[in-house]
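Trainee:
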Amino acid sequence: MKPSIFIIIMLTVISGTMIVMTASHWLMVWIGFEMNLLAIIPILMKKYNPRATEAATKYFLTQATASMLLMMGIIINLLHSEQWTVSKDLNPMASIVMTTALAMKLGLAPFHFWVPEVTQGISMSSGLILLTWQKIAPLSILYQISPTINPNLLLTMATMSVMIGGWGGLNQTQLRKIMAYSSIAHMGWMAAIMMYSPTMMILNLTIYIIMTLTTFMLFMYNSTTTTSSLSQTWNKTPLITSFILVLMMSLGGLPPLSGFIPKWMIIQELTKNEMIMMPTLLAMTALLNLYFYMRLTYTTALTMFPSNNCMKMKWRFERTKKTILLPPLIVMSTMLLPLTPMLSILD
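The UniProt record's numbering numbers the first residue of the sequence shown as 1 and each following residue consecutively.
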């Protein structure tokens, strides 16, 4: 893809999301989603092959169905309230339809089946955009309609997402699928807190995007897509290998790393609202995620894969990939815990 074309397409994706976030009219929200969807398809098919075509088709069909449901919810709301304003309270039926549509766009369970398949079929850089930027627009609408969302529906989807995000990733060897199931689980945590503290959801989203961005950039730097290829990084880039170890533990939510902040604050907020079973269940299923992150850690940094030469350090060419953003991203992905008191004030 020519750089000029790529820049135009990326600008369309960004402007689509921005329109969704800033619009006060439901029709403009829908148009923003459509702009974003039609522009992201060529990015998913950047490396043109049958798998990318299949992934882009699956993504398009799912998102088009979600857009149709969203428009149906908007029309139901229009028939009942005779207005298009986003800030007005929704009709209960319209709220259920819209929540379902946005859950499909986000990949919340039980509408999660497309996420691992699409992520696996596309390149690492496209997968990074899919699992970070593409989550912002639907979550911004959920944030705006959070007072009128059906709590039982959202909490059920949240619980299912965290459980499926844990169970699904256990048997995977492909890094993109592991990151996709990780995304489903993180979306579940965000959906769980949406009803009680939407600001906390934004904090969780920010930390999730930082950690996912760092993880994908480290994988792209090493040109690894499977756990077996990741196990050979120790004699190429030992320092990067140790960063992957710390980052995986942060993604799993272990203290004293950044990934612990959202889990700690969400569990605290749910407990304040006299919910005991929900945070207990979330904390228990988070252990499943921690297991497959620790398995990646073990493969990467704690085993010495047989080297095909006699030297401990592998002879290699000079790296040509730029790592300008990696140091600050690694710091933010691992060392934000001391900022928790300041972040808790935001709530």
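Note that beta-carbon positions come from the ideal geometry of N, C-alpha and C, so glycine has one too. Small disclaimer: the values here were computed from a predicted structure and weren't measured.
Going along the chain, which residues of its own chain have a beta-carbon closer than 8 Å to the beta-carbon of M71, five neighbours each way excluded?
Mentor: For the purposes of this step, residue 71 is taken as residue 71 along the sequence shown, with counting starting at 1. The residues are W30.
Trainee: How many whole angstroms separate the CB atoms of M248 and M124, which I take to be in contact at a CB cut-off of 8 Å?
Mentor: Reading the sequence shown from its first residue, position 248 is the one you call residue 248. Reading the sequence shown from its first residue, position 124 is the one you call residue 124. About 17 Å separates the two Cβ atoms, so there is no contact after all.
Trainee: Report the partner residues of H25 according to the DSSP bridge assignment.
Mentor: Your numbering for residue 25 matches position 25 in the sequence shown. Partner(s): T85.
Trainee: Mapping the DSSP letters down to three states, classify T173 as helix, strand or coil.
Mentor: Taking the sequence shown and counting its residues from 1, the one referred to as residue 173 is at position 173. In the structure shown, T173 sits in coil (DSSP, three-state: anything other than H, G, I, E or B).
Trainee: Under three-state DSSP, which class holds T226?
Mentor: As a position in the sequence shown, residue 226 is number 226, starting the count at 1. DSSP places T226 in strand when its eight states are reduced to three.
Trainee: Round the Cβ separation of T85 and L281 to the nearest angstrom and send it over; I've been treating them as touching at under 8 Å.
Mentor: Counting from 1 along the sequence shown, the entry for residue 85 is found at position 85. Counting from 1 along the sequence shown, the entry for residue 281 is found at position 281. Contact flag wrong, Cβ pair sits at about 37 Å.
Trainee: From A137, S161, M35, N49, pick the residue whose C-alpha is nearest to that of L288; which is it?
Mentor: By one-based count along the sequence shown, residue 288 stands at place 288. With distances taken between Cα atoms, L288 lies closest to S161.
Trainee: Any heavy atom of the ligand COA inside 7 Å of the beta-carbon of T148?
Mentor: The ligand COA is not part of the structure shown, which contains no ligands of any sort.
Trainee: Here's the rule I'm using: 16 or more other beta-carbon atoms within 10 Å means buried, otherwise exposed. How should Y59 be labelled?
Mentor: For the purposes of this step, residue 59 is taken as residue 59 along the sequence shown, with counting starting at 1. It is buried - the Cβ of Y59 has at least 16 other Cβ atoms within 10 Å.
Trainee: Buried or exposed: V331, going by 16 or more other Cβ atoms within 10 Å of its Cβ?
Mentor: For the purposes of this step, residue 331 is taken as residue 331 along the sequence shown, with counting starting at 1. Exposed is the call here.
Trainee: For the alpha helix (DSSP H) containing I267, list its first residue and its last residue.
Mentor: Numbered from its first residue, the sequence shown carries residue 267 at position 267. Note, I267: alpha helix (DSSP H), 260-272.
Trainee: Here's a check: name, in chain order, each residue in its chain whose Cβ is nearer than 8 Å to the Cβ of L337, leaving out the five neighbours to either side.
Mentor: Numbered from 1 along the sequence shown, position 337 holds the residue referred to as residue 337. Counting only Cβ-Cβ distances below 8 Å, and skipping sequence neighbours, we find P255, P256, L257, S258, F260, I261.
Trainee: If we count Cβ pairs, one from each stretch, closer than 8 Å, do we get three or more for the segment 53-67 versus the segment 30-39?
Mentor: Contact between the segment 53-67 and the segment 30-39 is present, because at least three Cβ pairs lie under 8 Å.
Trainee: Would you grab the beta carbon distance between A55 and E117 for me? Rounded to a whole angstrom, and I think it's under 8 Å.
Mentor: To locate residue 55, count along the sequence shown from 1; it is residue 55. To locate residue 117, count along the sequence shown from 1; it is residue 117. At roughly 7 Å, the Cβ-Cβ gap stays under 8 Å, so A55 and E117 are in contact.
Trainee: Measuring only the C-alpha atoms, how far is L175 from T226?
Mentor: Stepping through the sequence shown from its first residue, residue 175 is reached at position 175. Stepping through the sequence shown from its first residue, residue 226 is reached at position 226. So the alpha carbons of these two residues sit roughly 5 Å apart.
Trainee: Report all residues from its chain with a CB closer than 6 Å to the CB of N77; omit the five preceding and five following residues, and keep chain order.
Mentor: Taking the sequence shown and counting its residues from 1, one reaches residue 77 at position 77. The answer, listed in chain order, is L90, N91, A94.
Trainee: Determine, using beta carbons only, whether A103 and F113 come nearer to each other than 8 Å.
Mentor: By 1-based counting over the sequence shown, the position of residue 103 is 103. By 1-based counting over the sequence shown, the position of residue 113 is 113. No, the pair does not count as a contact, with Cβ atoms beyond the cut-off.
Trainee: With H, G and I counted as helix, E and B as strand and the rest as coil, what does DSSP make of T199?
Mentor: The residue labelled residue 199 in the question sits at position 199 within the sequence shown. Of the three classes helix, strand and coil, the one that applies to T199 here is helix, per DSSP.
Trainee: Leaving aside the five residues before and after T119 along the sequence, list all residues of the same chain whose C-beta is less than 7 Å from its C-beta, in chain order.
Mentor: Position 119 of the sequence shown, counted from the first residue, corresponds to residue 119. Counting only Cβ-Cβ distances below 7 Å, and skipping sequence neighbours, we find G127, L130, L131, R176, K177, M179, A180.
Trainee: Short check: CB of M294 to CB of L251, under 8 Å?
Mentor: On the sequence shown, position 294 is the one that residue 294 refers to. On the sequence shown, position 251 is the one that residue 251 refers to. For M294 and L251, no; Cβs fall outside 8 Å.
Trainee: When the Cα of L343 is compared with those of Q172, M195, L203, which residue comes out closest?
Mentor: The count along the sequence shown starts at 1 and reaches residue 343 at position 343. For L343, the nearest C-alpha among the options comes from L203.
Trainee: Grab the span of the alpha helix (DSSP H) containing F292 for me, first residue to last.
Mentor: What you label residue 292 is simply residue 292 of the sequence shown in a count that begins at 1. Here the alpha helix (DSSP H) through F292 covers 277-297.
Trainee: Please list, in chain order, all residues of the same chain as K105 whose beta carbon is under 7 Å from its beta carbon, the five residues on each side excluded.
Mentor: Stepping through the sequence shown from its first residue, residue 105 is reached at position 105. Excluding positions up to five away in sequence, the list reads Q63, A66, P138.
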